[in-house]
Structure formats: C-alpha cells, structure tokens
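>
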Amino acid sequence: MATPDFDNDMGDSDDYETDLELEEPEAVVQEYDPVSEMTRLYRSVCRRTGVVPASTFLRQITERELNMDHYGLGPTGTKCIATALTINTFIERLSLEDNWMTGEGAEYMADMLKENPSITDINLANNRLGTEGAEAMGDMLVENGSLRRVNLAENKFSDRDAMFFAGAMQNNRHMEELNLSGNEFSEVGGGFMGAGIGANETITALNLSWNHLRQKGVFALCRGIRSNNTLQWLDVSWNGFDDEGASGLATVLKYNEVLTYIDLTNNRITSKGAMKMAKALFINKTLQTLRLGKNPIDMDGSLQLLKAIRGNEQSGMHVLDLTDVLLSQEFLELYTVVQEERPHFSVVYGGVGQDLSWIVGDKKHMRRDPMQVFQDYIYQNHTRVITVFQSFNREDRDKVTREAFKRGLKGAKIPLSAYEIEHMLDRLDADGDGMISYADVMAGQKELFKKKREEEWKKYTEVLEERRKRRQVKEKLEGALDVLDREPRTAEAWIRALHRMKQKQTNPSRASTRSGSRLGTSRPASRISTTGAAEGTPRETAARTPQLMSVVGSVWKKPHRNERPSSSSSPVSDRPRSTLSRAGSAAGRTRTDPRT
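Set out below in structure tokens:
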C-alpha cells in the first residue's frame with residue numbers, strides 16, 4: 001500500500017493558519033516617575049478648574065512636611081491639591097490651616113485621606129468646615145488607619161456636630177491626638193464627646209479648650225474620662241466647668257492613674273472647686289501639671305492646693321499654674337519650704353509664664369518693714385528687746401551669728417518671710433562681719449522710730465497744706481460772692497469793690513474792720529454813672545455778669561503777705577465809702593461834699 005504523501009496533500013504551509021505564537025519583538029518598558037506624575041496631575045486639574053498652580057506646592061511635594069497655611073486656597077484650590085496628594089507617598093505631615101476650605105473643600109480632603117496611607121499628621125484648623133465638613137471628617141476618621149494627630153480647631157462646628165467625632169473616636173483605633181478647640185460644643189456636644197472618649201482605647205491627648213462646655217456636658221465628659229485608660233493630656237481651658245465641673249474632675253483624679261496634664265484655666269472655678277481639687281491632689285500620684293490660672297480662687301483656696309501637694313509624699317506634681325490668682329504671704333513661705341524639699345516643683349504666678357521661684361525674693365513681696373514686725377512682736381508679748389535677743393543665743397549674750405538670729409526669729413514664730421528675714425539681717429549686719437550685736441538691734445530700733453516720726457511729720461504737713469489750700473479757696477469764693485451780692489452799678493463802684501476785695505486778701509484784719517461800716521452805715525451804690533448815663537436795669541446787669549466773673553478771676557491770685565497795693569493799682573484812693581464822689585449827670589462834678 002502506498003504511503004500517502006502528506007507533504008503534497010498539505011501543499012504550501014503558508015496557506016494555512018497555526019496556533020503557534022510567533023515571537024514578538026521586546027517592548028520598551030518606561031520607568032514610573034511619581035513626581036512627574038503628581039506634577040502632571042496637579043497642573044491638569046488646575047487647568048481644568050482655572051486655578052493658577054502654586055509653585056510652593058510643587059516645591060514641597062517630595063518633602064516629609066507640606067505647609068501651605070494662610071494661602072487662601074478656597075474649595076477649588078483645595079480640590080487641586082487633594083487630587084495630587086492622592087498618589088503622594090512622600091508627605092507625612094500636612095498643614096493647610098486658614099485656607100477657607102468650607103465644607104466642600106473638607107469633602108475633597110476627606111476623599112484624599114481615605115486613599116492616602118502616608119499622611120499621619122494633618123492640620124485643617126480655621127477653615128470654616130461647618131456641619132458639612134464635620135460629617136466628612138468624621139466619616140473619614142472611621143475608615144482612615146494612618147492618621148495619628150488631627151487638628152480641626154476653630155471650624156465652626158455646632159453643638160450637635162460633635163456626634164460625628166464621637167463616632168470616629170468609638171471606631172478609630174489609630175488616632176492619638178485630637179484638637180477640637182475653638183468650636184461651639186456645649187451640653188449636647190459634651191455628652192457626645194464623653195461617650196466617644198469613654199469608648200476609645202488609643203487617644204492620648206484631647207484639646208477641647210475655648211468651647212462652651214458646661215453642666216451636663218461637663219459631667220458626661222468627666223464620666224467618659226473616668227472610663228478611659230489612655231488619655232494623658234487634657235485641655236479644657238476657657239469653658240464653663242465652674243465648681244461642679246471641678247468637683248467631677250477631682251473625682252476622676254482620685255481614681256485615674258494615667259492623666260499627667262490638665263488645663264482648667266478660666267473656668268469660673270472658685271475656692272470651693274479648688275478645695276475639691278486639693279483633696280484629689282492629696283491622693284493622686286500621676287498628675288504632673290495642673291493649670292488653674294485666671295479663676296476666682298481666693299488666698300485660702302490656693303494655699304490648700306499647695307498644702308495638699310506637700311502632704312502627698314507620692315505626688316508627681318511638677319507645675320502648679322496659678323496665673324492671676326491671689327496668693328497670701330503664708331503661701332509664699334510654704335512654697336519656699338516645698339521647693340527646698342522638691343527642687344523640681346514650681347508655681348507659675350502673676351503674669352503669663354512668670355515663675356514664682358524667680359520672684360519670691362523680689363522686693364515687691366516685702367509688704368511691711370521687718371523691724372516693725374519685730375517691734376510689734378515685742379509689744380504683743382510684753383517683753384523686751386534684750387530678752388528676745390539673749391534667747392537667740394544662750395552662750396554669748398552680746399553677739400549672735402546671722403544663722404542663730406535667723407533660727408531665733410523662726411523659733412519665736414515671728415511672722416516674717418524668708419526674704420523679709422534676710423532683708424532685716426542685712427540692715428542689722430551693716431558692717432558685714434556675719435555677727436549681730438545687741439547694739440545693732442537697738443540701732444535698728446532707733447532707725448525705725450526715726451522713720452516713723454518722719455512719716456508722721458510728713459502726714460501732718462500734708463494735712464496743714466490741704467487745710468491752707470481749702471482756706472485760700474474759701475476766701476476767694478467769699479470775695480467773689482461778696483462782689484456779686486453788692487452788684488455795683490457804676491464803673492467807679494466796680495473798681496472800688498474789686499480793690500477792696502484785693503485788700504481783704506492782702507490784709508484780712510483791715511478788711512474786716514471796714515466791713516462793719518460797709519454793711520451797717522454806708523449808702524447804697526449810686527445808680528448814676530460817671531458819664532451821666534443811667535444804668536442798672538436787670539437785663540444790663542445780667543449782660544455784665546460774664547465781664548464781672550472775668551475781672552474777679554483776675555484778682556483771685558492771692559498776693560504775697562508783704563505785698564501792699566500800690567497807689568497806681570487803682571484810680572480810687574483807699575478811703576471810706578462816704579468820702580467818694582457821686583457823679584451828677586447835670587453838673588458833671590467829680591467830687592462832692594462828705595457831709596451830704
């Protein structure tokens with residue numbers, strides 16, 4: 001049988017298809033450049049939205065931190081940046097504070113943060129996110145697993161917007177720090193935040209300062225903090241905790257072993273609330289910083305806080321902030337003792353950041369003379385200087401050392417602070433030999449008495465000077481009223497009255513001698529002027545009153561005691577009123593017979 005010729009049957013192999021793949025030429029693989037891709041994507045979105053690309057953003061896209069605070073991006077500019085950051089793996093810290101994102105921009109950022117696993121620290125403070133932004137951020141925090149620190153301060157979140165962040169805290173297991181300060185959380189918001197913090201197991205720092213937390217919201221927040229086992233840093237300053245809220249937080253401190261920092265600045269806490277906090281400080285072992293500045297706490301309340309800290313041997317307190325809180329002398333003295341026992345402990349007092357350990361020795365804290373306090377002690381105890389001096393050192397009755405004198409003052413419980421004692425010793429030990437003798441003490445007493453006499457004399461002279469000024473004013477006023485009461489009608493009578501007033505100021509005795517004649521026997525002033533015209537109508541008198549007051553004011557200045565009026569000071573001679581001329585309109589005479 002003939003073998004079939006397959007080659008002939010198949011014919012030309014090129015006419016048939018085959019399943020064998022022919023080898024293709026090797027493709028050219030291009031290396032991926034993330035920076036170029038981000039730049040291309042950013043410029044593309046900017047071109048489509050009509051936004052001018054920000055060179056600042058392009059320069060920082062490969063850095064670990066991107067900061068574009070206060071650039072005025074708005075929601076559209078935010079969209080461009082968020083789109084480019086979706087594929088960015090370099091940036092870890094992102095700060096876009098004060099860019100007017102609004103809720104729309106917050107949604108763009110939330111979408112980006114859901115996709116970006118590299119960013120761990122974000123700051124979107126002061127962007128007017130509102131309720132829309134709060135919801136977007138809350139949903140994002142539920143899904144995000146990379147963010148550790150979130151700053152959403154001053155974004156106009158309302159009281160009920162807190163529920164979005166409460167849900168985020170309950171479900172997020174990675175966030176460690178949350179800043180929601182400067183918003184509008186009140187009683188409802190405090191309730192949501194309390195529920196959220198109570199269920200959270202990772203957060204270590206919470207900032208709720210500058211909100212409106214009060215009453216029920218504060219109590220709910222305290223309950224949540226008591227249930228939390230991770231929170232170490234709490235800032236609730238500038239809220240409305242008042243004494244009830246302070247009491248609730250004090251209860252937390254009695255059992256909490258995690259909190260190390262609490263800021264209760266300006267929360268309307270009085271001494272009643274401070275007493276509650278003092279009881280907690282007597283027990284708590286972990287708290288290191290407590291800020292209670294700008295609260296209406298009196299001297300006793302602040303003193304009880306310091307006593308509680310000293311009484312707790314296991315206290316971890318490092319800083320007690322009592323800025324703008326009134327402190328007593330006893331507080332300052334006890335603080336000096338506490339500092340000797342615990343050098344690491346300090347009290348912030350006075351202005352912001354002013355450390356009391358730096359100003360305890362300042363002269364302004366010495367509110368009394370130490371020698372006067374020493375003298376008062378002697379009078380009150382009915383003793384003598386020599387007796388007190390010798391009790392300071394039994395061995396040498398003539399001299400004692402500075403240290404022995406200091407111990408004696410403290411042993412006698414004379415109410416002097418450490419600085420006042422040092423100031424007193426410096427005055428007594430004028431020669432600087434380190435020894436204080438009885439003569440030095442007596443010299444100090446003599447100096448004290450001299451100083452008191454000088455102060456009393458100064459007060460006495462001040463009283464005399466005040467009396468003299470009052471008497472001078474009274475005389476001027478009486479003279480002015482005297483001129484007004486008589487209402488002279490002629491120019492000559494005006495000059496005569498003012499001249500008599502000046503004489504009265506110069507020599508009161510002579511003026512008083514003439515006053516009897518003037519009041520009892522003299523004639524009334526003429527109604528005829530030297531020019532012959534009739535004057536004196538009520539309307540004319542009223543019109544002359546301002547002129548009269550200006551003339552009176554010019555002679556109010558009291559002359560020197562030895563000054564006498566000159567003959568040229570007045571055209572009218574100083575003689576009895578009856579001898580002065582009466583003008584006649586018809587004859588025009590200048591002088592008349594005194595007998596008429």
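Residue numbering for the sequence shown follows the UniProt record's numbering, beginning at 1 and increasing consecutively.
The C-beta atom is built at its ideal place from N, Cα and C for all residues, glycine as well.
(1) Going by DSSP in three states, T62 sits in which element: helix, strand or coil?
(2) My guess is that M38 and A84 are in contact by the Cβ rule of under 8 Å, so how many angstroms apart are they, rounded?
(3) Identify which residue in D300, L259, G434 has its Cα closest to the Cα of E205.
(4) Compare the C-beta of E63 against all C-beta atoms of chain D and say whether one is closer than 8 Å.
(5) Report whether the distance from the Cβ of G194 to the nearest heavy atom of the ligand NAD is below 7 Å.
(6) Along the chain, where does the alpha helix (DSSP H) containing E107 start, and where does it finish?
(7) Would you call W457 buried or exposed, if buried means 16 or more other Cβ atoms sit within 10 Å of its Cβ?
(8) Could you spell out the range, first to last residue, of the beta strand (DSSP E) harbouring M435?
(9) Please give the ranges of any beta strand (DSSP E) in the region 220 to 260, keeping only runs that are unbroken, at least 3 residues long and fully inside the region.
(10) At a cut of 8 Å, does the region 109 to 120 reach the region 150 to 166 through at least three beta carbon pairs?
(11) So for D139, helix, strand or coil by DSSP?
(12) So what does DSSP say about S95, is it helix, strand or coil?
(13) Thinking C-beta only, is V45 closer than 8 Å to I61?
(14) Answer with buried or exposed for V52, where buried requires no fewer than 16 other C-beta atoms within 10 angstroms of its C-beta.
(15) Do the CB positions of H400 and F392 come within less than 8 Å of each other?
(16) Pull up the distance between the alpha-carbon of N256 and that of Y42, whole angstroms please.
(17) Under the rule that 16 or more other beta-carbon atoms within 10 Å means buried, what is S569, buried or exposed?
(18) Under the assumption that I197 contacts N155 (Cβ atoms under 8 Å), give the Cβ distance between them as a whole number of angstroms.
(19) Which of the three DSSP states, helix, strand or coil, is assigned to E447?
(20) Between which residues of its own chain and G520 is the CB-CB distance below 6 Å, once the five residues before and five after are set aside?
(21) Across which residues does DSSP place K474 in a beta bridge pair?
(22) So which of R268, M317, N267, K294 has the shortest CA-CA distance to A278?
(23) Buried or exposed, going by whether 16 or more other CB atoms sit within 10 Å of the CB of Y335?
(24) With DSSP run on the structure shown, which of helix, strand or coil describes S417?
(25) Rounded to a whole number of angstroms, what is the C-alpha to C-alpha distance between R59 and L94?
(26) Mind checking who D263 pairs with in its DSSP beta bridge?
(27) Mapping DSSP to helix, strand and coil, what is Y349?
(28) How many Å lie between V441 and E403 at the Cα?
(29) Could you tell me the alpha carbon to alpha carbon distance between K276 and G224, rounded to whole angstroms?
(30) Alpha carbon to alpha carbon, how far is A134 from V188?
(31) Any idea which residues DSSP pairs L320 with across the strands?
(32) Does the beta-carbon of G103 have 16 or more other beta-carbons within 10 angstroms, so that it is buried, or is it exposed?
(33) Roughly how many angstroms separate the alpha carbons of E330 and G167, rounded to a whole number?
(34) Specify whether the region 278 to 288 and the region 297 to 317 touch according to this definition: at least 3 beta carbon pairs, one from each stretch, less than 8 Å apart.
(35) Residues in the same chain with beta-carbon distance under 6 Å from W233, minus the five sequence neighbours each way, listed in chain order, please.
(36) Rounded C-beta distance between N295 and V325? I'm assuming under 8 Å.
Looking at the atomic coordinates:
(1) By one-based count along the sequence shown, residue 62 stands at place 62. Reduced to three states, the DSSP call for T62 is coil.
(2) Within the sequence shown, numbered from 1, the residue matching residue 38 stands at position 38. Within the sequence shown, numbered from 1, the residue matching residue 84 stands at position 84. Sure, about 5 Å apart at Cβ, within 8 Å.
(3) By one-based count along the sequence shown, residue 205 stands at place 205. Note on residue identity: the sequence assigns Ala, not Glu, to residue 205. Looking at the Cα atoms, L259 is the closest of the given residues.
(4) Within the model displayed, chain D is absent; a lone protein chain is all it includes.
(5) Because no ligand of any kind appears in the structure shown, any question about the ligand NAD cannot be addressed here.
(6) Indexing the sequence shown from 1 puts residue 107 at position 107. Run containing E107: 102 to 115, per the alpha helix (DSSP H) assignment.
(7) Counting from one through the sequence shown, the residue named residue 457 turns up at place 457. Answer is exposed; the Cβ neighbour count stays below 16.
(8) Taking the first residue of the sequence shown as position 1, residue 435 is located at position 435. Here the beta strand (DSSP E) through M435 covers 435 to 437.
(9) 233 to 235
(10) no
(11) Looking up residue 139 in the sequence shown gives position 139. Helix at D139.
(12) If you number the sequence shown from 1, residue 95 lands on position 95. Secondary structure of S95 (DSSP, three-state): strand.
(13) Locating residue 61 in the sequence shown gives position 61, counting from the first residue. Locating residue 45 in the sequence shown gives position 45, counting from the first residue. No. Outside cutoff.
(14) The residue labelled residue 52 in the question sits at position 52 within the sequence shown. It counts as exposed.
(15) Your numbering for residue 400 matches position 400 in the sequence shown. Your numbering for residue 392 matches position 392 in the sequence shown. For clarity, residue 400 is Val in the given sequence; the question names His instead. In this structure, F392 lies closer than 8 Å to V400 by Cβ.
(16) Here the question's residue 256 lines up with position 256 in the sequence shown. Here the question's residue 42 lines up with position 42 in the sequence shown. If you take the alpha carbons of N256 and Y42, they lie about 49 Å apart.
(17) Counting from 1 along the sequence shown, the entry for residue 569 is found at position 569. For S569, the predicted model reports a pLDDT of 41, less than 50, meaning its position is unreliable and no value from the coordinates is stated.
(18) As a position in the sequence shown, residue 197 is number 197, starting the count at 1. As a position in the sequence shown, residue 155 is number 155, starting the count at 1. That belief does not hold up - the Cβ atoms of I197 and N155 are roughly 19 Å apart, past 8 Å.
(19) Sequence index remark: in the sequence shown, residue 447 carries index 447 (1-based). Helix at E447.
(20) Within the sequence shown, the letter at position 520 stands for residue 520. Legend: pLDDT at G520 = 42, less than 50; position of this residue unreliable, value from coordinates given subsequently. There are no such residues.
(21) Counting from 1 along the sequence shown, the entry for residue 474 is found at position 474. Answer by DSSP bridge pairing: none, since K474 is not bridged.
(22) Start at 1 with the first residue of the sequence shown, and residue 278 comes out as number 278. Nearest to A278 by alpha-carbon distance, out of R268, M317, N267, K294, is M317.
(23) Here residue 335 refers to the residue found at position 335 of the sequence shown. Result: buried.
(24) For the purposes of this step, residue 417 is identified with residue 417 of the sequence shown, where counting begins at 1. Here S417 sits in coil by DSSP.
(25) Position 59 of the sequence shown holds residue 59. Position 94 of the sequence shown holds residue 94. Taking the CA atoms as reference points, R59 sits about 14 Å from L94.
(26) Mapped onto the sequence shown, residue 263 falls at position 263. Paired residues: D235, R291.
(27) The sequence position of residue 349 within the sequence shown is 349, counting from 1. DSSP places Y349 in strand when its eight states are reduced to three.
(28) By 1-based counting over the sequence shown, the position of residue 441 is 441. By 1-based counting over the sequence shown, the position of residue 403 is 403. Distance between the alpha carbons of V441 and E403 is about 15 Å.
(29) On the sequence shown, position 276 is the one that residue 276 refers to. On the sequence shown, position 224 is the one that residue 224 refers to. Cα to Cα, the separation comes out at about 19 Å.
(30) By one-based count along the sequence shown, residue 134 stands at place 134. By one-based count along the sequence shown, residue 188 stands at place 188. Using only the alpha carbons, I get a separation of about 15 Å.
(31) On the sequence shown, residue 320 is found 320 positions in, with the first residue counted as 1. Per DSSP, the beta-bridge partners of L320 are L290, V347.
(32) By one-based count along the sequence shown, residue 103 stands at place 103. It is buried - the Cβ of G103 has at least 16 other Cβ atoms within 10 Å.
(33) For this step, residue 330 is matched to residue 330 along the sequence shown. For this step, residue 167 is matched to residue 167 along the sequence shown. Taking the straight line from one Cα to the other gives about 49 Å.
(34) yes
(35) Sequence index remark: in the sequence shown, residue 233 carries index 233 (1-based). Cβ within range, chain order: A205, Y261.
(36) Translated into the one-based positions of the sequence shown, residue 295 becomes position 295. Translated into the one-based positions of the sequence shown, residue 325 becomes position 325. Right, their Cβ atoms sit about 7 Å apart.
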